[in-house]
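Colleague: Questions regarding the structure given below will be posed in turn.
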Amino acid sequence: MGDEQDILTVHKQWIALEESGNASCVLDLCSDDVLWLVPSAGAIRGKAAVKEWFNSQPVSVIERIESFKVEIEVSGGLAVKRADFITKLQVPERSEPVEVRGSHLWTLCKDEAKGCWQVTNVSWSIVGELT
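Counting along the sequence shown from 1, when you hit position 23 you're at 14 in the numbering used here, and nothing is skipped either side.
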């Protein structure tokens, strides 16, 4: 279960970065040619383009991310991770925090030279605002 545990570690690092206000640092966990499929923004290819997208987003503060139903499938040097989530965040236009829920899907590739898993594709859907 080594690969699954390594991928779960990447998942936990990602959440910790988002919760600490360092969301753009998640790109350190991604391949250079990463593809993000962003709801209502379409496909964003490559770390530089994703970073530019991050910088264009309204400032919000993530208070908490809960992930559940985390499923990981590994086949050789490729993997898929699925999870559902609830994110509680403070947005400028609201006085009270907002909770959103949804699901995300990652594909990952094992970088044998670096000895780690890298996220190669990120997609998510937002089911709705809870509050």
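Backbone N, C-alpha and C fix where the C-beta goes; we use that ideal spot for every residue, glycine too.
Do the region 51 to 66 and the region 22 to 37 meet, that is, are 3 or more Cβ pairs less than 8 Å apart?
Modeller: With the cut-off at 8 Å, the region 51 to 66 and the region 22 to 37 do not touch.
Colleague: What do you reckon, are the CB atoms on Val113 and Trp97 nearer than 9 Å?
Modeller: Yes, Cβ-Cβ distance for Val113 and Trp97 is below 9 Å.
Colleague: Consult DSSP for Ala74 and reduce its assignment to one of helix, strand or coil.
Modeller: If DSSP states are grouped into helix, strand and coil, Ala74 belongs with the strands.
Colleague: Can you pull the DSSP bridge partners for Lys38?
Modeller: Lys38 is not bridged to any residue.
Colleague: Note the first and the last residue of the continuous alpha helix (DSSP H) segment covering Leu96.
Modeller: Premise fails: Leu96 lies in the beta strand (DSSP E), Val89 to Asp102, not in any alpha helix (DSSP H).
Colleague: Identify every residue that forms a DSSP beta bridge with Gln109.
Modeller: Gln109 is bridged to Cys100.
Colleague: Can at least three beta-carbon pairs, one atom from the region 29 to 45 and one from the region 73 to 87, be found at a separation below 8 Å?
Modeller: Verdict: no, contact absent.
Colleague: Check for me: the alpha helix (DSSP H) holding Glu10 runs from which residue to which?
Modeller: Looking at the DSSP string, the run of the alpha helix (DSSP H) that includes Glu10 is Gly(-7) to Glu10.
Colleague: What residue does the beta strand (DSSP E) around Glu54 start on, and which one ends it?
Modeller: Unbroken beta strand (DSSP E) run through Glu54: Val52 to Ser66.
Colleague: Based on Cα-Cα distance, which residue from Val52, Ser47, Phe59 and Val50 lies nearest to His2?
Modeller: Of the listed residues, the one whose Cα sits closest to His2 is Phe59.
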